[in-house]
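I have placed the structure first, in the form of structure tokens, so that the comments after it can refer back to it.
Protein chains: 2
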Amino acid sequence: MRIGELAERTGTSRRLLRYYEEQGLIVSERLPNGYRDYAEPSVDRVIQVRGLLDAGLPTRIIKQILPCLDKPRQIYFPDATPEMLGTLEAERDRMTRRAECLLRNRDAITEYLDAVRAYDPAS
Amino acid sequence: MRIGELAERTGTSRRLLRYYEEQGLIVSERLPNGYRDYAEPSVDRVIQVRGLLDAGLPTRIIKQILPCLDKPRQIYFPDATPEMLGTLEAERDRMTRRAECLLRNRDAITEYLDAVRAYDPAS
DNA sequence: TCGAACCATCACATAGATGTGAAGGTCAAG
DNA sequence: CTTGACCTTCACATCTATGTGATGGTTCGA
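These protein sequence lines are chains A and B, in that order.
Per our numbering, the first sequence starts with residue -16, numbered consecutively.
Per our numbering, the second sequence starts with residue -16, numbered consecutively.
As structure tokens, then:
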């Protein structure tokens, strides 16, 4: 598919799709006329990327995480240097802390909303 | 305490503490000489703010969430407009989605690491 | 009293994710 | 053959969170 369709299906501007490609987060083939040509899995990939960006990860880190997400699992073991593995572990832990922070605060919001509703059931 | 101590205890630059105050995320008294004077709870507050910023929330939203986090619970019911409650609900749901995204991807990283380690137990 | 170590405000710079628009190529349908 | 809707690259603008440095006031200990 061309960039317009991918943009529409992922709710992402064309500008950003090109940016993600520039950052190495997605790839595209080129049609004979120079247009970008995306395979079907690009849709999920872009959605993944957007979710991670929205959760505060920079493209630099997302790029390192992406190989972990490819199913069918295609692990290029030789590429997995010890530093790389260390980075992944650190990021994984950081993601856990982030998620905990989000859930903790989310629960506080829920509590707050419940309290307000108990006070004024009309809302 | 003055800004230097708060900075040290929260691992945050003085510059950022002043910025958070400007954004309405923290408050401070002033000493007779004009220096900022922070109460003890500011430490936790700053840590909260940093966690939420790191999880991708903009200061604008964090500011709206903060009143939910004050314990002992001090809910200013008259301030709770219906729009405000709607915003809170929406943000709460967004936080849930963010956390899910983080945990999902974190699990994928863990799987990946396990697979690599199964291949080469040395790492 | 002087210097070091705080503090203040203010302005300018940077980096990352994004928007916008210019200038121009491709293609299909009227 | 022209028009409109795509696409390309490139450059510049914007917003937010941050760094950095200038300029100057306060306080405290040698």
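Beta carbons: idealized from backbone N, C-alpha and C, even for Gly.
Beta-carbon proximity check, residue i vs residue j, cutoff 8 Å
{"i": "Asn88(B)", "j": "Leu68(A)", "result": "no"}
{"i": "Ala82(B)", "j": "Leu86(A)", "result": "yes"}
{"i": "Ile9(B)", "j": "Ser25(B)", "result": "yes"}
Residue(s) in a DSSP beta bridge with residue i
{"i": "Ser20(B)", "result": "Checking the sequence shown, residue 20(B) turns out to be Asp, not Ser. Glu12(B), per the DSSP bridge assignment."}
Alpha-carbon to alpha-carbon, residue j and residue i
{"i": "Glu(-9)(B)", "j": "Ala(-10)(A)", "result": "45 Å"}
{"i": "Arg77(A)", "j": "Arg80(B)", "result": "17 Å"}
{"i": "Pro15(A)", "j": "Ile(-14)(A)", "result": "15 Å"}
{"i": "Gly39(A)", "j": "Thr42(B)", "result": "13 Å"}
{"i": "Asp97(A)", "j": "Asp90(A)", "result": "10 Å"}
{"i": "Lys54(A)", "j": "Val32(A)", "result": "15 Å"}
{"i": "Glu23(A)", "j": "Ser11(A)", "result": "11 Å"}
{"i": "Tyr102(A)", "j": "Pro50(B)", "result": "16 Å"}
{"i": "Thr(-5)(B)", "j": "Glu(-12)(B)", "result": "10 Å"}
{"i": "Pro104(A)", "j": "Pro104(B)", "result": "58 Å"}
{"i": "Glu4(B)", "j": "Tyr3(A)", "result": "34 Å"}
Residue of the options minimising C-alpha distance to residue i
{"i": "Gln6(A)", "options": "Ser(-4)(A), Lys46(A) and Gly34(A)", "result": "Lys46(A)"}
{"i": "Glu74(A)", "options": "Ile48(A), Thr64(A), Leu8(A) and Arg33(A)", "result": "Ile48(A)"}
{"i": "Thr(-7)(A)", "options": "Gly34(A), Lys54(A) and Tyr18(A)", "result": "Gly34(A)"}
{"i": "Arg114(A)", "options": "Thr(-5)(A), Met(-16)(A) and Ala98(A)", "result": "Look at the range of chain A in this structure, -16 to 106, and you will see that residue 114(A) is not part of it."}
{"i": "Tyr95(A)", "options": "Ala101(B), Leu8(B), Arg28(B) and Leu71(B)", "result": "Leu71(B)"}
{"i": "Tyr18(B)", "options": "Arg28(B), Arg(-3)(B) and Ile30(B)", "result": "Arg(-3)(B)"}
{"i": "Asp20(A)", "options": "Arg1(A), Arg100(A) and Asp37(A)", "result": "Arg1(A)"}
{"i": "Arg100(B)", "options": "Asp97(A), Pro65(A), Val99(A) and Pro104(A)", "result": "Pro65(A)"}
{"i": "Ile92(A)", "options": "Ala63(B), Pro24(B), Val29(B) and Ile92(B)", "result": "Ala63(B)"}
{"i": "Cys84(A)", "options": "Tyr102(B), Asp27(B), Glu(-12)(B) and Asp103(B)", "result": "Asp27(B)"}
{"i": "Leu(-1)(B)", "options": "Pro50(B), Glu23(B) and Ile30(B)", "result": "Ile30(B)"}
**Asked** Taking a cut of 7 Å between CB atoms, which residues from the region 29 to 50 of chain A lie near chain B?
**Response** Only those residues of the region 29 to 50 of chain A whose C-beta falls short of 7 Å from the nearest C-beta of chain B are listed: Gly34, Leu35, Asp37, Ala38, Gly39 and Ile48.
**Request:** Check distances from the C-beta atoms of the region -9 to 15 of chain B to those of chain A and list, in chain order, the residues that come in under 9 Å.
**Result:** Flagged: no residues at all.
**Item:** Proximal residues, the region 79 to 93 of chain B versus chain A, C-beta separation under 7 Å
**Value:** Listed by position, the residues of the region 79 to 93 of chain B near chain A (Cβ gap below 7 Å) are Thr79, Arg81, Ala82, Cys84, Leu85, Leu86, Asn88, Arg89, Ala91, Ile92 and Thr93.
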